[in-house]
Amino acid sequence: AQKITQTQPGMFVQEKEAVTLDCTYDTSDPSYGLFWYKQPSSGEMIFLIYQGSYDQQNATEGRYSLNFQKARKSANLVISASQLGDSAMYFCAMREGNTGGFKTIFGAGTRLFVKA
Amino acid sequence: DAGITQSPRHKVTETGTPVTLRCHQTENHRYMYWYRQDPGHGLRLIHYSYGVKDTDKGEVSDGYSVSRSKTEDFLLTLESATSSQTSVYFCAISEVGNNEQFFGPGTRLTVL
Numbered sequence: 070a071q072k073i074t075q076t077q078p079g080m081f082v083q084e085k086e087a088v089t090l091d092c093t094y095d096t097s098d099p100s101y102g103l104f105w106y107k108q109p110s111s112g113e114m115i116f117l118i119y120q121g122s123y124d125q126q127n128a129t130e131g132r133y134s135l136n137f138q139k140a141r142k143s144a145n146l147v148i149s150a151s152q153l154g155d156s157a158m159y160f161c162a163m164r165e166g167n168t169g170g171f172k173t174i175f176g177a178g179t180r181l182f183v184k185a
Numbered sequence: 021d022a023g024i025t026q027s028p029r030h031k032v033t034e035t036g037t038p039v040t041l042r043c044h045q046t047e048n049h050r051y052m053y054w055y056r057q058d059p060g061h062g063l064r065l066i067h068y069s070y071g072v073k074d075t076d077k078g079e080v081s082d083g084y085s086v087s088r089s090k091t092e093d094f095l096l097t098l099e100s101a102t103s104s105q106t107s108v109y110f111c112a113i114s115e116v117g118n119n120e121q122f123f124g125p126g127t128r129l130t131v132l
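In the order they appear, the protein sequences are chains A and B.
Residue 185, in the numbering used here, is where the first sequence stops; the numbers in between run on with no holes.
Residue 132, in the numbering used here, is where the second sequence stops; the numbers in between run on with no holes.
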């Protein structure tokens with residue numbers, strides 16, 4: 070069965086420093102996708118980055134990169150040069166299959182606090 | 021921003037009453053989803069739809085039903101609301117070949 074684990078309920082980081090948010094997953098499907106979403110205090114869900122299970126390179130989107138270690142089943146989010154606006158809840162998610170649809174499961178989330 | 025609206029945005033109701041939440045999209049995306057968000061649980065899938073009149077259960081479907089009679093609308097119904105269904109409900113959409121799910125603004129439901 071699918072499972073997503075985020076072991077860090079809360080994280081603190083100093084402004085301008087890098088931070089890594091942990092995510093491990095479990096699936097028996099060889100084809101899957103991994104996502105990270107940001108939820109600021111205003112409540113909306115913002116897509117950050119996607120990694121496919123067959124992608125050879127780690128995904129990057131601006132200051133966000135996904136450290137994909139397939140053998141360890143981990144998909145950690147790295148935020149470089151943290152900004153005060155990065156303070157938010159961050160969710161790791163996984164979708165099995167390769168159709169663009171169907172079931173996606175989410176982790177419990179990590180709340181990131183960026184200190185000035 | 022993807023064109024997804026949810027109505028109502030806030031609702032307070034009493035135990036035992038029926039409640040219907042509406043999700044409306046203007047993107048003509050095939051897939052639509054209903055999630056609930058509770059502290060400590062992240063988002064959990066309630067039901068999803070892969071086409072008009074095609075729906076299936078998610079991981080927390082008990083006490084909920086859905087309908088999709090048009091591509092643009094996905095309705096979530098609580099036949100008899102309970103206090104355990106107090107939550108924030110998110111609708112999302114996605115399309116074949118597109119990795120991202122686009123989320124609506126959420127509906128905060130309180131069942132007294």
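Cβ coordinates follow ideal geometry from the N, Cα and C atoms, glycine included.
Residue contact check for G23 of chain B against chain A: no CB pair falls below 9 Å.
When Cβ-Cβ separations below 9 Å define contact, E47 of chain B makes no contact with chain A. By the C-beta density criterion, Q125 of chain A is exposed, having fewer than 16 other C-beta atoms within 10 angstroms. By the Cβ criterion, the segment 170 to 181 of chain A is in contact with the segment 71 to 82 of chain A, since at least three pairs of Cβ atoms, one from each stretch, lie closer than 8 Å. Taken atom to atom, the span from the alpha-carbon of G71 of chain B to that of Y106 of chain A is near 25 Å. The beta carbons of Y53 of chain B and L65 of chain B sit about 6 Å from each other, so the pair counts as a contact at 8 Å.
The segment 113 to 162 of chain A contains, as complete beta strand (DSSP E) runs of 3+ residues, the segments 115 to 121, 133 to 138, 143 to 148 (chain order).
Sequence-distant partners of S89 of chain B (beyond 5 residues in either direction) whose C-beta falls short of 8 Å from its own C-beta, in its chain, are V72, K73.
Among the bridge pairs identified by DSSP, Q57 of chain B is matched with B:L63, B:V108.
The C-beta of T173 of chain A comes closer than 9 Å to at least one C-beta of chain B.
The Cβ of H30 of chain B sits no closer than 9 Å to any Cβ of chain A. Residues of chain B whose Cβ lies closer than 9 Å to the Cβ of F116 of chain A are, in chain order, N119, E120, Q121, F122, F123. Contact between S156 of chain A and F182 of chain A holds: CB atoms are separated by about 6 Å, below the 8 Å threshold.
Here L146 of chain A is buried, its C-beta having at least 16 other C-beta atoms within 10 Å. The three-state secondary structure of S111 of chain A, taken from DSSP, is coil. In the structure shown, the three-state DSSP call for S100 of chain A is coil.
Close to chain B, meaning a Cβ-Cβ distance shorter than 7 Å, are the following residues of the segment 88 to 119 of chain A: G102, G112, E113, M114, F116, Y119.
The Cβ atoms of R141 of chain A and P78 of chain A do not sit closer than 9 Å to each other.
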